[in-house]
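S.K.: Encoded as structure tokens, here's the structure I'll be asking about.
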Amino acid sequence: MAAIPSLDRGHRGRHPAAAAAPEHTWPQSGQPGDLAWCTLPAEESAVPRARAFTDTHLAAWRIDGETSDATRLTVSEFVTNSVCHSGSADVTLRLIRCSSRVRVEVIDGGVWREPDACGPGDDIAEGGRGLALVSALAQRFGVRRTSFGTCAWALLR
Numbered sequence: 011m012a013a014i015p016s017l018d019r020g021h022r023g024r025h026p027a028a029a030a031a032p033e034h035t036w037p038q039s040g041q042p043g044d045l046a047w048c049t050l051p052a053e054e055s056a057v058p059r060a061r062a063f064t065d066t067h068l069a070a071w072r073i074d075g076e077t078s079d080a081t082r083l084t085v086s087e088f089v090t091n092s093v094c095h096s097g098s099a100d101v102t103l104r105l106i107r108c109s110s111r112v113r114v115e116v117i118d119g120g121v122w123r124e125p126d127a128c129g130p131g132d133d134i135a136e137g138g139r140g141l142a143l144v145s146a147l148a149q150r151f152g153v154r155r156t157s158f159g160t161c162a163w164a165l166l167r
């Protein structure tokens, strides 16, 4: 299995996409790289833009089917959470290809808070189920603090 690049390595305390154009793919070559990232303003338009960015790279990497669907849903959920709850000015989406698996990382400048649990009588609640969906689809997932804020991540197969 290929090593997964560290979130913090090589950026010397700067945000992971600070040195990159907003929709930069690394490494640059004639072939799609194993790492792609974009930084978007933390506003509603970030969600469809993040999905489009994801679709482009999944297609280039020839990842489709259930892995593609799970990756799109995870990106939508994580970016939506960042936009709605982080208070951050921007959100960075990182996609890392490891063979037929995809690691999704969404980084923002916010502070992680445990989600409110939906009680049994909360059948009509508008939110609160997204991380449960990600948990069901992902091989592994989590949320961690970084020197930049919060990173929600999932490994999808």
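All residue numbers for the sequence shown refer to my numbering, where the first residue is 11 and numbers rise by one.
The beta-carbon is built from N, C-alpha and C at its ideal position, and this holds for glycine as well.
In whole angstroms, what separates the C-alpha of cysteine 108 from that of phenylalanine 88?
M.R.: As a first step, residue 108 is located in the sequence shown; it is residue number 98 there, counting from the start. As a first step, residue 88 is located in the sequence shown; it is residue number 78 there, counting from the start. Those two C-alpha atoms are separated by around 20 Å.
S.K.: In terms of DSSP beta bridges, what is threonine 156 paired with?
M.R.: Within the sequence shown, the letter at position 146 stands for residue 156. Paired residue(s): Gly159.
S.K.: Assuming leucine 147 and threonine 84 make a contact with CB atoms under 8 Å, what is their CB distance in whole Å?
M.R.: Counted from its first residue, the sequence shown places residue 147 at position 137. Counted from its first residue, the sequence shown places residue 84 at position 74. That belief holds up - the Cβ atoms of leucine 147 and threonine 84 are roughly 7 Å apart, short of 8 Å.
S.K.: At which residues does the alpha helix (DSSP H) containing alanine 70 begin and terminate?
M.R.: As a first step, residue 70 must be located in the sequence shown, where it is residue number 60. Counting along the chain, the alpha helix (DSSP H) containing alanine 70 begins and ends at 56-70.
S.K.: Do asparagine 91 and glycine 152 have their C-beta atoms closer together than 8 Å?
M.R.: To locate residue 91, count along the sequence shown from 1; it is residue 81. To locate residue 152, count along the sequence shown from 1; it is residue 142. Not in contact: asparagine 91 and glycine 152 (Cβ atoms no closer than 8 Å).
S.K.: Along the chain, where does the beta strand (DSSP E) that runs through glutamate 115 open and close?
M.R.: Within the sequence shown, the letter at position 105 stands for residue 115. It spans 111-118 - the beta strand (DSSP E) in which glutamate 115 sits, taken as one unbroken run.
S.K.: From the DSSP output, which residues share a beta bridge with arginine 107?
M.R.: Position 97 of the sequence shown, counted from the start, is the residue given in the question as residue 107. Paired residues: Val112.
S.K.: Work out the CA separation of histidine 67 and aspartate 79 for me, nearest whole Å.
M.R.: The residue given as residue 79 occupies position 69 in the sequence shown. The residue given as residue 67 occupies position 57 in the sequence shown. About 13 Å.
S.K.: If we ignore side chains and look at the alpha-carbon of each, how far apart do leucine 105 and isoleucine 117 end up?
M.R.: Within the sequence shown, residue 105 is the residue found at index 95, counting from 1. Within the sequence shown, residue 117 is the residue found at index 107, counting from 1. So the two alpha carbons sit approximately 11 Å from each other.
S.K.: When you compare only the Cα positions, how much space is there between isoleucine 73 and serine 110?
M.R.: Counting from one through the sequence shown, the residue named residue 73 turns up at place 63. Counting from one through the sequence shown, the residue named residue 110 turns up at place 100. Straight-line Cα distance between these residues: approximately 7 Å.
S.K.: What residues in its chain sit with their C-beta under 8 Å from that of threonine 81, if we drop five residues either side in the sequence?
M.R.: Stepping through the sequence shown from its first residue, residue 81 is reached at position 71. Closer than 8 Å at the Cβ level, and outside the excluded window around threonine 81, lie Thr64, Leu68, Ile73, Leu105, Val112, Val114 and Leu166.
S.K.: Check for me: the beta strand (DSSP E) holding alanine 46 runs from which residue to which?
M.R.: Residue numbering aside, residue 46 sits at position 36 when the sequence shown is read from its first letter. Element bounds for alanine 46: 45-51.
S.K.: Can you give me the start and stop residues for the alpha helix (DSSP H) that arginine 82 sits inside?
M.R.: Position 72 of the sequence shown, counting from 1, holds the residue named residue 82. Looking at the DSSP string, the run of the alpha helix (DSSP H) that includes arginine 82 is 75-95.
S.K.: Under the rule that 16 or more other beta-carbon atoms within 10 Å means buried, what is valine 93, buried or exposed?
M.R.: Numbered from its first residue, the sequence shown carries residue 93 at position 83. Per the 10 Å Cβ criterion, buried.
S.K.: Determine the direct distance from the alpha carbon of glycine 75 to that of serine 96, and round the result to whole angstroms.
M.R.: In the sequence shown, residue 96 corresponds to position 86, counting from 1. In the sequence shown, residue 75 corresponds to position 65, counting from 1. Each residue's Cα considered, the two are about 31 Å apart.
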